[in-house]
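To keep things clear, I will list the structure first and then write my remarks on it.
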Amino acid sequence: MREIDPKSAAIKDVFGYILAGVAPRPIALVSTISPDGAVNLAPFSFYNGFSANPPIVAFSPSRRLRDSSVKDTYTNIVATNECVINAVTYEIAQQVNLASADFAESVNEFGKSGLTPIDSVAVKPPRVKESPFQMECRLTQMVTLGDGGASGNLALCEVIRFHFAEEILSGDQIDTQKLDLVARMGGATYCRASGDAIFEIAKPNGGAQIGFEGLPEYVRKSAILTAANMALLAGANNIPTFDEAKQFVEESRPLSIASSNIHRMYILDSDHHALLSLARTDSTIEAFERTAKKALDVTELDSQLTGELVDFAWKTLVYANTSLSSD
Ligand SMILES: Cc1cc2nc3c(=O)[nH]c(=O)nc-3n(C[C@H](O)[C@H](O)[C@H](O)COP(=O)(O)O)c2cc1C
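When we follow my numbering, the leftmost residue of the sequence shown carries the number 4, and every step to the right adds one.
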């Protein structure tokens, strides 16, 4: 590992470490308006949500590296206390990039980027029509983090109105897949948060998980299971008994998986049932471990199935490692 003291590094390099290492970052497309009515639009990826009660989000319009001057967004929000934060989707990412160019103060970036301003309800700055999720905000606090080039100014904003396009909702909630957000990474790189890039991890419920230290040695020393597989096993509240495992494996009942996704349900059910039968024919610990691994690897497709798949994996492992190693 390399070690660097930021105080002895060039600001440009420190900026690069934070950009690449603290990523992916969501992007706030912020519209503000100057006291004399000039509309401004710019993206900020030093941005996140910090509180739901009250709803507080924050972004950081930093001082310019070249001359330590402040950006128009900073000047406007400090003067008026208002902004609109618009979510950045894949569809508008190129236009948002265009809006980030260093235009003169008087330039309206809506015109430059081709994005459409629409009236807000509770604040003066306009919303961006093409963004499917918009938040009208009031500045509650501006925290100055320095006064040199690339120093940040944390604008803490309270959301006073949410706006959602119908197309991104499933019921009353935002559907991440439909939203199709992009995020900023190091340099000029971005990532797209939809499709296969999205995976699920079931939340650990309660506090009774057996943990890594509770894993039997045959799991911890396995050459087949990864640390991620072991973490799933360690998230169980108990290990099945050999009798439970034996009954399950010998009966070889199809998994009674109920997924919201019918296609996935079919794949999981047929795959694992077949693998378990194969392991029984093969009768090696490795064959059973590979079957357990296969079940654990697919939990990220649908976190609702995690409990059942982990149970399947545990029973497969307990059966193999108890009955086969004692032969
Ligand atoms: C995706 C993206 C993210 C950005 N994030 C930030 C940021 O977090 N802070 C910042 O000061 N500038 C950021 N910028 C640069 C500003 O958008 C740029 O300096 C812009 O010209 C500022 O506009 P303004 O002077 O109208 O406020 C980002 C640019 C892009 C394309």
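Idealized CB from N, CA, C, for every residue including glycine.
Comparing the CB of residue i with every heavy atom of ligand 1, is any distance shorter than 7 angstroms?
{"i": "Pro-46", "result": "yes"}
{"i": "Ala-61", "result": "no"}
{"i": "Ile-116", "result": "Checking the displayed sequence, the identity of residue 116 turns out to be Ser instead of Ile. No; taking the cut-off as 7 angstroms, the Cβ of Ser-116 has no heavy atom of ligand 1 nearer than that."}
{"i": "Asn-111", "result": "no"}
{"i": "Ile-30", "result": "yes"}
{"i": "Pro-135", "result": "no"}
{"i": "Ile-64", "result": "Just to set this straight, residue 64 is Pro in the shown sequence, not Ile. Under cutoff, so the answer is yes."}
{"i": "Asp-105", "result": "yes"}
{"i": "Asn-208", "result": "no"}
{"i": "Thr-76", "result": "yes"}
{"i": "Asn-89", "result": "no"}
{"i": "Arg-283", "result": "no"}
{"i": "Phe-49", "result": "yes"}
{"i": "Asn-84", "result": "no"}
{"i": "Arg-187", "result": "yes"}
According to the neighbour-count rule (16 or more other Cβ atoms, all chains shown, within 10 Å of its Cβ), is residue i buried or exposed?
{"i": "Glu-292", "result": "buried"}
{"i": "Tyr-269", "result": "Residue placement at Tyr-269 is poorly supported in this model, since its pLDDT is 41, which falls under 50; the coordinates are not used for a value here."}
{"i": "Ser-263", "result": "Unreliable positioning characterises Ser-263 in this predicted model, as indicated by a pLDDT of 45, which lies under 50. The coordinate reading is nonetheless provided below. Ser-263 comes out exposed."}
{"i": "Arg-69", "result": "exposed"}
{"i": "Arg-67", "result": "exposed"}
{"i": "Tyr-50", "result": "buried"}
{"i": "Ser-329", "result": "Residue placement at Ser-329 is flagged as unreliable, the pLDDT there being 43, under the threshold of 50; the coordinate-derived value follows with that caveat. It counts as exposed."}
{"i": "Thr-294", "result": "buried"}
Report the CB separation of residue i from residue j in whole angstroms; it is logged as a contact under 8 angstroms.
{"i": "Val-162", "j": "Cys-194", "result": "Going by Cβ atoms, the distance from Val-162 to Cys-194 rounds to 25 angstroms, so no, they are not a contact pair."}
{"i": "Ala-107", "j": "Ser-37", "result": "Ala-107 to Ser-37, Cβ: 13 angstroms. No contact."}
{"i": "Ser-65", "j": "Gly-155", "result": "5 angstroms"}
Are the CB atoms of residue i and residue j nearer to each other than 8 angstroms?
{"i": "Ile-30", "j": "Arg-187", "result": "yes"}
{"i": "Val-313", "j": "Phe-245", "result": "no"}
{"i": "Thr-309", "j": "Thr-319", "result": "no"}
{"i": "Ala-61", "j": "Leu-159", "result": "yes"}
{"i": "Leu-32", "j": "Val-110", "result": "no"}
{"i": "Asn-232", "j": "Ile-288", "result": "no"}
{"i": "Leu-157", "j": "Ser-63", "result": "yes"}
{"i": "Arg-130", "j": "Val-73", "result": "no"}
Consider the Cβ of residue i: report whether some Cβ of chain D lies at a distance smaller than 8 angstroms.
{"i": "Ser-11", "result": "Among the chains in the structure shown there is no chain D, since it carries only a single protein chain."}
Enumerated in chain order, which unbroken segments of the beta strand (DSSP E) with a length of 3 residues or greater are wholly contained in the stretch 60-140? Complete beta strand (DSSP E) runs here, min 3: 85-90.
Practice item. Go through the stretch 147-228 residue by residue and report every complete run of the beta strand (DSSP E) that reaches 3 residues or more, in order. Key: Listed in chain order, the beta strand (DSSP E) runs fully inside the stretch 147-228 are 156-167, 184-187 and 193-196, counting runs of at least 3 residues.
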